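Engineer: Structure in structure tokens, see below.
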Amino acid sequence: MQSVFSLAVDPAGDGALLLGTGYGLLRATPDGMAQVITPPRAAITGIATDPNDPARLLLNGIDATGAAAGLLIFDQKTARWTATPGTQGENGSKLTSLSISRLDGERMAGIDKTIQLSTDGGLSWEPLATAPEETLAVALSGTSPSRIFAATVGGLMVSEDNGQSWQQSYPGDAPATVVTSLSGGRVAAYIYRTGLVMADEETLDWQVVGSGFQDRYLRALVEDPSSPETLYAVADTGAILLSRDGGATWISFEGSDLATPDRIAAGKVLYDDNCASCHGAGGIGEAPDDPEARDEFGFKAPALNDAMHAWHHSDAGLRATIHEGSPRNERMAAWQEVLSDEEIDSILAYVKSTWSIRSLACQGARHMACLGQ
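Below, the structure is given as structure tokens:
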């Protein structure tokens, strides 16, 4: 789903995410399921969790007529949405990249053609007189009331005077696709072809904390309010990624409830005992030098790592193949009488642990778009 524009951790605190999409607000869970939440009935272009009150969620979007759906505030305590007066209709703001200050919950930023600021909780918005061109994301500093970060096509920029002037923050002019303020006085950004970078705001000494994205990039990044080392991101493909170690390594959000170290370790043992004799150690395939190799029954066992096309299939598709077998070669028999569903899930968790971030971002139906890039 490439139309995922933004995300937030569900304030309910049960491991679900809220996704701002062209189809509305969706609630996604690690089992791969998603449901539309109404209201609002609009394309949700921006979501922000108030860092001062994680139960307070702000949305912005565009309705079916193309007009602004308005800035909507959800209060978990009352389970009600409230539309901010004056933000709807033709003259309302159509904001992306919503950011709420950690220093003042009434101070907000977003992008509508250019960077917009609000100092009254979203009741009114003013465009910056000076803003970097082609800004993709904006973030208000968590330590300074006058500092603003902007992720732009020309690089990561920072203003120390509330947007009156701008300087390069991360060295070089590679596109920065996302920037966000984190707890503990930290700030994170994604630099194309470099990876996830992070800095302490006191020094802004940027360090690469996560790489391996290859030609993929992030379009949204949030921190779990209850776990600062847990980060969620939207890849350019629309895939949702999860890091449990501050951005150093990433897994797919789909299936993340199964991708625990214990489950992956158990899956490796099961794989080695039941699958490696055909698919090779670590999933390199039966004939790694000849992916088209056949025997008298059909195609030889394919690689399950990044070398071939395992990542072209969804979790459900891969699980079904293990469960029911494959018509490509009768040697790939149905394992449903040998392995339990839990054991199959463990093998899948192990197989996916061998994939690159790019494969995770391109898994399933997304692979066709990725193959052309």
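Per the UniProt record's numbering, residue 1 is the first one in the sequence shown, and the count goes up by one each step.
Built from N, CA and C at the ideal position, the CB exists for glycine as well.
Bear in mind the structure is a predicted one, so any value in this text is a computation, not a measurement.
#1: Is it right to say K300 is buried, meaning 16 or more other beta carbons lie within 10 angstroms of its own, or is it exposed?
#2: Below 8 Å on the Cβ atoms is my guess for L242 versus A235; work out the distance and round it to an integer in Å.
#3: Quick test of your reading: L72 and A83, contact by CB under 8 Å. State the CB separation rounded to the nearest angstrom.
#4: Cα-Cα, which of R41, E90, A67, K113 is closest to W81?
#5: Tell me whether the segment 168-187 and the segment 55-74 touch, counting them as touching only if at least three CB pairs, one residue from each stretch, are closer than 8 Å.
#6: With a cut-off of 8 Å on the beta carbons, I'd call G283 and L304 a contact; round off their distance for me.
#7: Are there three or more Cβ pairs, one per stretch, closer than 8 Å when the segment 149-167 is compared with the segment 208-222?
#8: Mind reading off the beta-carbon distance from I100 to V138? Whole number of angstroms is fine, and I expect it under 8 Å.
#9: The alpha helix (DSSP H) with I47 in it runs from where to where?
#10: From this set, A67, T29, V4, which residue's C-alpha is nearest G13's C-alpha?
#11: From the DSSP secondary-structure annotation, give me the bridge partner or partners of P127.
#12: Compute the Euclidean distance between the alpha carbons of L196 and T130, then round it to the nearest angstrom.
#13: Please return the same chain residues whose Cβ sits closer than 6 Å to the Cβ of N363, not counting the five positions on each side in sequence.
#14: Could you give the distance in angstroms between the alpha-carbon of G20 and the alpha-carbon of T49?
#15: Please report the straight-line C-alpha distance between I148 and T135, rounded to a whole angstrom.
#16: Nearest CA to the CA of D104: which residue from M33, P145, R366?
#17: On the three-state DSSP scale, how would you describe W311?
#18: What number of angstroms, rounded off, separates the C-alpha of A176 from the C-alpha of T152?
#19: Within 10 angstroms of its Cβ, does R366 collect 16 or more other Cβ (buried), or is it exposed?
#20: In angstroms, rounded to a whole number, what distance separates the CA positions of S181 and A150?
#21: With G22 and A43 assumed to form a contact (beta carbons below 8 Å), what rounded beta-carbon distance in angstroms separates them?
#22: Count the CB pairs spanning the segment 316-331 and the segment 198-209 that are closer than 8 Å, and state whether there are at least three.
#23: Leaving out five residues on either side along the sequence, give the residues of the same chain with a beta carbon under 7 Å from the beta carbon of A307.
Structural biologist: Inspection of the coordinates gives the following:
#1: buried
#2: Going by Cβ atoms, the distance from L242 to A235 rounds to 11 Å, so no, they are not a contact pair.
#3: 5 Å
#4: R41
#5: no
#6: 4 Å
#7: no
#8: Contact flag wrong, Cβ pair sits at about 11 Å.
#9: Run containing I47: none in the alpha helix (DSSP H); it sits in the beta strand (DSSP E), 43-49.
#10: Closest option to G13, Cα to Cα, is T29.
#11: DSSP, once it has assigned bridges, lists Q116 as partnering P127.
#12: Distance between the alpha carbons of L196 and T130 is about 27 Å.
#13: According to the sequence as given, residue 363 is Gln; it is not Asn. Hits under 6 Å: W311.
#14: Cα to Cα, the separation comes out at about 12 Å.
#15: Taking the straight line joining both Cα atoms gives about 12 Å.
#16: P145
#17: helix
#18: 5 Å
#19: buried
#20: 11 Å
#21: 5 Å
#22: no
#23: I284, G285, P288
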